[in-house]
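Taken in order, the sequence shown gives residues 75 to 386; the numbers are from this note's numbering.
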Amino acid sequence: MDLNSQTAYVSDNEPAWKDGQDGRIYKVNGSSRMIKAATALTIAFVIVLAAQMVLGQGDSDPAHSGGTVKKNSIGMELVKIPGSRSYKMGSPASEDLRDADEGPVRNVSISNDLWMGKYEVTQAEWEKVMGSNPSGFRDCARCPVENVSWDDAQEFIKKLNARNDGFSYRLPSEAEWEFAARAGSSTPFSIGEKMSPADANFDSRYPYGGADKGQYIVKTEPVGSYKPNAFGLYDMHGNVWEWVEDIYVRAGYAGMPADGSANSSNGDPNKRVRRGGGWDSWGKALRSANRGWKNPRDRNKNGGFRIVAIEK
75 MDLNSQTAYV
85 SDNEPAWKDG
95 QDGRIYKVNG
105 SSRMIKAATA
115 LTIAFVIVLA
125 AQMVLGQGDS
135 DPAHSGGTVK
145 KNSIGMELVK
155 IPGSRSYKMG
165 SPASEDLRDA
175 DEGPVRNVSI
185 SNDLWMGKYE
195 VTQAEWEKVM
205 GSNPSGFRDC
215 ARCPVENVSW
225 DDAQEFIKKL
235 NARNDGFSYR
245 LPSEAEWEFA
255 ARAGSSTPFS
265 IGEKMSPADA
275 NFDSRYPYGG
285 ADKGQYIVKT
295 EPVGSYKPNA
305 FGLYDMHGNV
315 WEWVEDIYVR
325 AGYAGMPADG
335 SANSSNGDPN
345 KRVRRGGGWD
355 SWGKALRSAN
365 RGWKNPRDRN
375 KNGGFRIVAI
385 EK
């Protein structure tokens with residue numbers, strides 16, 4: 075019996091337990107000292123739990139997994155992504171259904187700590203800053219904003235920065251995005267080799283890695299509907315494609331910055347990278363290394379973004 079889920083009733087004549095779930099009274103054989111000891115344990119547990127709740131109040135708290143979480147001036151949750159790390163960006167030639175633009179695999183160093191959106195920017199957050207909602211799938215404040223272009227995302231960021239709330243905001247670089255999506259993994263997805271309907275919102279008629287098929291939802295879902303990765307970030311795979319800062323180059327990563335910064339000069343500036351796949355993507359597009367691109371003025375019901383921030 076789980077002592078923490080029970081309420082102890084102790085009397086000299088008839089010690090008993092009342093179950094907190096079904097309300098039944100259970101007789102207890104043995105010394106009432108055992109009951110009192112169990113009661114003391116329960117009280118101690120409640121005191122510790124209350125203390126943790128009090129200490130957890132404020133502007134930061136532990137993420138589901140990984141770093142610290144802070145809220146900004148409009149209530150966006152930002153997860154601390156640790157810097158001073160290197161990782162292998164891209165996919166090896168052996169990865170199933172990879173594209174040539176995902177290589178060559180290269181070492182990239184992420185020098186500084188970042189604060190990244192725990193979720194994709196939501197419709198409610200967009201409305202707080204922009205005063206309107208362009209989304210195709212409306213009436214879902216917790217769903218990601220979509221139908222926004224790269225240029226639109228930049229305007230949102232400009233207005234968010236004007237609030238001067240202690241953070242400097244921008245889109246993540248492509249290297250930062252993949253580092254955050256992988257969260258220490260080297261497999262096609264942060265969760266391993268397979269992508270199933272239980273893992274993300276995508277066209278699950280076409281899973282990846284031999285995973286079972288599922289029902290195609292055909293729309294966005296509220297952010298955080300699936301499990302986070304090891305950094306505590308949600309929906310890095312699926313839901314909506316996410317704009318990043320970089321110019322897309324079909325030739326891949328040869329000659330690209332190795333310090334984690336964005337490619338802002340090499341290639342056609344009318345091709346901007348999107349990452350992560352969306353609700354209408356096949357499973358292969360949700361791989362951490364997969365790359366897509368659109369014109370920075372394009373708006374699509376499968377496209378949104380998340381932000382990164384640096385503390386001032």
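No residue lacks a Cβ here, since even glycine has one placed at the ideal position from N, Cα and C. A quick note: this is a predicted structure, and the numbers were derived from the prediction, not measured.
- Per DSSP, the beta bridge partners of Ser242 are Ile384.
- Remark: C-beta atoms of Leu360 and Met269 approach each other more closely than 8 Å.
- In this structure, Tyr243 is the residue among Tyr243, Val222, Pro178 and Ile155 with its C-alpha nearest to the C-alpha of Ser147.
- Excluding residues up to 5 positions away in sequence, Glu267 lie with their Cβ nearer than 6 Å to the Cβ of Thr261 in the same chain.
- Bridge pairing for Tyr161: Val182 [DSSP].
- It is roughly 42 Å from the alpha-carbon of Asn207 to the alpha-carbon of Ser168.
- Just measuring C-alpha positions, the residue of Trp356, Ala257, Phe211 and Arg348 sitting nearest Gly141 is Ala257.
- Secondary structure at Val203: helix, using DSSP grouped into helix, strand and coil.
- Residue state for Arg212 is assigned as coil, using DSSP reduced to three classes.
- Between Ile231 and Glu194, the alpha-carbon positions lie close to 13 Å from each other.
- Only buried fits Lys154, as 16 or more other CB atoms lie within 10 angstroms of its CB.
- Taking Trp189 as reference, the option from Ala272, Gly351 and Phe305 with the minimal CA-CA separation is Phe305.
- With a beta-carbon spacing of about 7 Å, Gly312 and Ser355 fall inside the 8 Å limit used to define contacts.
- In the assembly as shown, Ser160 is an exposed residue. Its beta-carbon has fewer than 16 other beta-carbons within 10 Å.
- In the three-state reduction of the DSSP assignment, Arg256 falls in the helix class, which pools H, G and I.
- Assigned with DSSP and collapsed to three states, Glu220 falls in coil, not helix or strand.
- Comparing alpha-carbon positions, the option among Pro370, Asp309, Lys145 and Asp372 lying closest to Glu252 turns out to be Asp309.
- Judged by their CB atoms, Trp315 and Arg349 are nearer to each other than the 8 Å cut-off.
- Residue burial annotation: Pro218 is buried, with at least 16 other C-beta atoms found within 10 angstroms of its C-beta.
- When beta bridges are read from the DSSP output, Val347 appears opposite Trp367.
- When beta bridges are read from the DSSP output, Met190 appears opposite Val153 and Val382.
- By the C-beta criterion, the stretch 334-350 is judged to be in contact with the stretch 317-325, since at least 3 inter-stretch pairs fall below 8 Å.
- Secondary structure at Glu319: strand, using DSSP grouped into helix, strand and coil.
- The alpha carbon of Gly298 has as its nearest neighbour, out of Ser259, Asn376 and Ala215, the alpha carbon of Ala215.
- By the criterion of at least three beta-carbon pairs nearer than 8 Å, the stretch 329-338 is not in contact with the stretch 276-295.
- Out of Ile381, Asn369 and Lys358, the CA that lies nearest to the CA of Asn275 is found in Lys358.
- Phe230 sits in a helix when the DSSP states are folded into three classes.
- Considering only Val143, Gly351 and Val182, the residue with the shortest C-alpha distance to Glu220 is Gly351.
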